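Numbering-wise (my numbering), the sequence shown opens with residue 39 and increments by one. Report on the structure given below.
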Amino acid sequence: MLEQVFTIANSVALFSWIALTFLPRWVALLATLRWGVVGLLSALYAVLVSVYFFRVEGGGYFSLDAVETLFTSSEVVLAGWIHYLAFDLFVGIWIAARSDELGLSRLIQAPILLATFMFGPVGYLFFLAVRASAQASRSKEALA
Numbered sequence: 039m040l041e042q043v044f045t046i047a048n049s050v051a052l053f054s055w056i057a058l059t060f061l062p063r064w065v066a067l068l069a070t071l072r073w074g075v076v077g078l079l080s081a082l083y084a085v086l087v088s089v090y091f092f093r094v095e096g097g098g099y100f101s102l103d104a105v106e107t108l109f110t111s112s113e114v115v116l117a118g119w120i121h122y123l124a125f126d127l128f129v130g131i132w133i134a135a136r137s138d139e140l141g142l143s144r145l146i147q148a149p150i151l152l153a154t155f156m157f158g159p160v161g162y163l164f165f166l167a168v169r170a171s172a173q174a175s176r177s178k179e180a181l182a
């Protein structure tokens, strides 16, 4: 059953990232991703954590050994993976919306979103750098 949940969550996240990257950013699409997909992944995470987190003897967040022990449980590993899927998608949706507001081309957005999908914080840093560059360019243009 855990493998099925993993496969479904991964598939839903992958299709969500494809939609976010390549489809028009209709209000309904963004709402479905934000409230539907991220919301469901978050709810699934909450259930898994509430049921399995405290069952791991010696597991916790206060030392590296405790975290390592915590992640010896397949159920907690699945919860952690779903946490990544939900949070990275949430950040990706935020990046996409801010990128649209800045008028960034989808060709610029695509690698940022891919980096966020694959490496979370690296994609966020990539976005911050691109945003700072775009804002600096606009400031120079305003002064000219």
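We put the CB at the ideal spot given by N, CA and C, even for glycine. In this text, all values refer to a predicted model and were calculated from it rather than measured experimentally.
Beta carbon of residue i nearer than 9 Å to that of residue j
i: I133; j: L108; result: no
i: V75; j: V43; result: no
i: T110; j: V94; result: yes
i: L61; j: L52; result: no
Presumed contact (8 Å Cβ cut-off) between residue i and residue j, rounded CB distance
i: L58; j: A124; result: L58 to A124, Cβ: 14 Å. No contact.
i: L86; j: E106; result: With a Cβ gap of about 19 Å, L86 and E106 do not count as contacting.
i: L40; j: L116; result: 5 Å
Per-residue DSSP class, three states only, for residue i
i: Y90; result: helix
i: R72; result: helix
i: R63; result: coil
i: T45; result: helix
i: E139; result: helix
i: F155; result: helix
Residue burial classification, residue i (beta-carbon count within 10 angstroms, cutoff 16)
i: T154; result: buried
i: W64; result: exposed
i: Y83; result: buried
i: L145; result: exposed
i: Q173; result: exposed
i: L181; result: exposed
i: A47; result: buried
i: F157; result: exposed
i: S54; result: buried
is_contact[residue i, chain C] using C-beta, thresh 9 Å
i: L181; result: No chain C appears in this structure, which consists of one protein chain only.
Open item on the list: Across the region 125–138 and the region 69–84, are there enough close Cβ pairs to call them in contact, namely three or more that are closer than 8 Å?
Closed with: As far as the Cβ criterion goes, the region 125–138 touches the region 69–84, which means the pair count is three or higher.
Task: Given 8 Å, three or more beta-carbon pairs between the region 109–124 and the region 134–154 - done: No: the two stretches stay apart, fewer than three of their Cβ pairs being nearer than 8 Å.
Open item on the list: Three Cβ pairs or more, each shorter than 8 Å: is that satisfied between the region 137–146 and the region 159–177?
Closed with: Result yes; three or more Cβ-Cβ pairs closer than 8 Å.
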